[in-house]
Amino acid sequence: MSETVYGPVTDWATDFDHGSPAYAANQHKIWDDLKSSGCPIAHTDRYGGTWLPLTHEMVHEIAYDTDHFSSEGPVVGQLKPSEVPDRIGAPIGPVPPISSDPPFHAEARRLLLPAFAPKMIDPWREEVVAICNELIDNMGTADHIDAALQYSQHIPVMVIARMLGLPVEDGDKFRGWVNLVLSGIGEERTEARMAQFEEFNAYLAFHVNDHIENPRDDLISFLLNAEIFGEKLSLEHTVGTVILLLIAGIDTTWSGIGSSLWHLAGNSVDRRRLVENPDMIPAAVEEFLRAYAPVTMARVVKEDMEFHGVEMKKEDWVLLPFPAANRDDNQFADAHIVQIDREANRHAAFGLGIHRCLGSNLARLEMNVAIEVFLKRFPDFSLDSSEVVTWSTGQVRGPRALPFVINARA
Amino acid sequence: MRVHVDPSKCQGHNRCYALAPELFDVDDLGNAFELNDGVVPAGLEDKARLALANCPEFAISIEE
Ligand code: HEM
Ligand code: SF4
């Protein structure tokens, strides 16, 4: 994996690069070193100026302070939101509600909430169980498998494609576009990349139009019927929200499932406990979400301001590293230890405040079912030491290659 | 013992409902509210404390 356009990091306190492979590989140590050297908030000039606060308290404070920090740019890029051509600005943003600020945000979010409430999501359980079993059936009798490529990456794609009403067989395309938006943040803005963005937009325009002509019982039709301020959503709003639902749910959940399986492959005691006591899986999933939280979000500073002794400038990026907040000793006892039966666990893997992950009920369902089915079918598995585990870079972190040896199957 | 969800803080993480469905329910938007006026039946006090300790938004309070 290559460095970003900015080159190697010289100092993590003053020149960090959260898009670099080194950050993805060593982030826990980087945070611990920064905090113990008395730097609870790091800075870099990269990406036009970016801050990295590391305590639960600061992350909580920024997430709640929508007066000073805008969601206009939830993913850090080389261009500031105001520099992106034809961009829909605050308070709506290109992909509502994640890119929206109050008061518009509440309306854009409220119209989606009923579709993702527990009572609508729970009935998907059987379907997710069937998807997971089918993926394992497809592995045949091989003793060496890749649990990311053959399992975790497919589950959220197959589920969200069905919910939205998009062709399930286009999964590879969706993952390509997710990668384009989330992992390529430090790459050059080449024509080839821009052409991929256009292809993505054209694909969605085609399917949204198809739903306008042939309404059905799925999320795209639900959005086409939804109203905001007493009127139908604009086409941009509908397409933006479809983009968001595709992007937000795929590599996040893929990462969550992958990190959990990675932990269980390397920790046979925990794995055996869950095989013998499947009713412990929900608590274990919460602990995996805490310890390996997949998602870091970003905000944009609205006006020059002081924050805990540092001078933030208008349009600086501020990262919200929920994974670092989840490892703060002031909030969690023995934060660096993974305890699958942890009782008090107020982790922030799904964010804090008004942007709480809209898909959290679905993500939890998928993670629980994925682990339940995997352990049932493969009660004993371990990491394949002859191959390497690779991790994604950027604001969503999880294993992208997960070579396992299957030692027992049921 | 009584539990209470502060609706201005609750963001619908649904931890309380998952851990103590005897004490909490969620509305159609996914936001939580306490059942039975918040009165915790005898024997369920630990579940109430567990819900409080798992609410990411610090939205749950308990009156002993
Ligand atoms: C383990 C999996 C997931 C994790 C860790 C995760 C994490 C997050 C986080 C941290 C936020 C907060 C964003 C912010 O503060 O700016 C968020 C927002 C959001 N997530 Fe997820 N997510 C996951 C899965 C999903 C799924 C499956 C969906 C839906 C299909 C989804 C849809 C959304 C949406 C629509 C928002 C924006 C909500 C708003 O701005 O009001 N996510 N997610
Ligand atoms: S756990 Fe807290 S935020 Fe979540 S639904 Fe319950 S009260 Fe609301």
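Those protein sequence lines, which keep their order, are chains Z and A. Counting from 1, one number per residue, gives the positions in the first sequence under the working numbering. Counting from 411, one number per residue, gives the positions in the second sequence under the working numbering. Using N, Cα and C, we set each Cβ at its ideal position, and we do this for glycine too. Bear in mind that the values here come from a model prediction, so they are computed numbers and not experimental data.
In the three-state DSSP reduction, ASP86(Z) falls in the coil class, being neither helix nor strand. With contact defined as three or more Cβ pairs closer than 8 Å, the segment 269-276 of chain Z and the segment 293-310 of chain Z are not in contact. When the Cα atoms are used, CYS465(A) and ALA195(Z) turn out to be separated by approximately 44 Å. The segment 421-441 of chain A makes no contact with the segment 97-104 of chain Z; the number of CB pairs closer than 8 Å stays below 3. With respect to chain A, the C-beta atom of ARG327(Z) has no partner C-beta closer than 7 Å. Annotation: the segment 348-398 of chain Z contains the following complete segments of the beta strand (DSSP E) (minimum length 3 residues), in chain order: 380-383.
Distances from the CB of GLU432(A) to the heavy atoms of the ligand SF4 are all 6 Å or more. For a Cβ distance threshold of 8 Å, residue set PRO466 of chain A lies close to HIS347(Z), ordered along the chain. In this structure the segment 18-32 of chain Z does not lie against the segment 371-385 of chain Z, because fewer than three pairs of beta carbons, one per stretch, are closer than 8 Å. Taking the C-beta atoms as reference points, VAL239(Z) is found no nearer than 7 Å to PRO379(Z). Residue pairing for THR141(Z): DSSP places it in no beta bridge. Only residues of its own chain outside the window of five on either side were considered, and among them ARG356, CYS357, SER360 have a CB closer than 7 Å to the CB of PHE350(Z), listed in chain order. As DSSP reads the structure, SER471(A) sits in a beta bridge with HIS414(A). Taking every protein chain shown into account, the CB of ILE212(Z) has fewer than 16 other CB atoms within 10 angstroms, so this residue is exposed. Counting only runs of at least 4 residues, the segment 270-341 of chain Z fully encloses the following alpha helix (DSSP H) elements, listed from N- to C-terminal order: 281-291, 322-325. In its own chain, leaving out the 5 sequence neighbours on each side, no residue places its CB closer than 7 Å to the CB of PHE307(Z).
Taking a cut-off of 8 Å on C-beta distances, the segment 25-41 of chain Z does not touch the segment 62-80 of chain Z, as fewer than three cross pairs fall below it. Restricting attention to LEU362(Z), ILE337(Z), ILE340(Z), ALA291(Z), the CA atom closest to the CA of HIS347(Z) is found in ALA291(Z). For ARG162(Z), the three-state secondary structure derived from DSSP is helix.
Close to LEU439(A), with beta-carbon spacing below 8 Å, are these residues of chain Z in chain order: ARG110, LEU113, PRO114, ALA117. Boundaries of the alpha helix (DSSP H) around ASP210(Z): 191-213.
Sequence-ordered contacts of the segment 442-462 of chain A with chain Z read LEU460 [C-beta pairs closer than 7 Å].
The C-beta distance from LEU365(Z) to PHE116(Z) rounds to 11 Å, too long to fall under 8 Å, and the pair is not in contact. Interface annotation for the segment 240-256 of chain Z against chain A: empty, criterion Cβ-Cβ distance under 9 Å. Interface annotation for the segment 123-154 of chain Z against chain A: empty, criterion Cβ-Cβ distance under 9 Å. Of ASP32(Z), GLY49(Z), GLY7(Z), the smallest CA-CA separation from MET312(Z) is found for GLY49(Z).
In the DSSP assignment, PRO91(Z) forms no beta bridge with any residue.
The beta-carbon of VAL415(A) is placed no less than 7 Å from the nearest beta-carbon of chain Z. Per DSSP, the continuous beta strand (DSSP E) segment holding VAL405(Z) begins and ends at 403-408.
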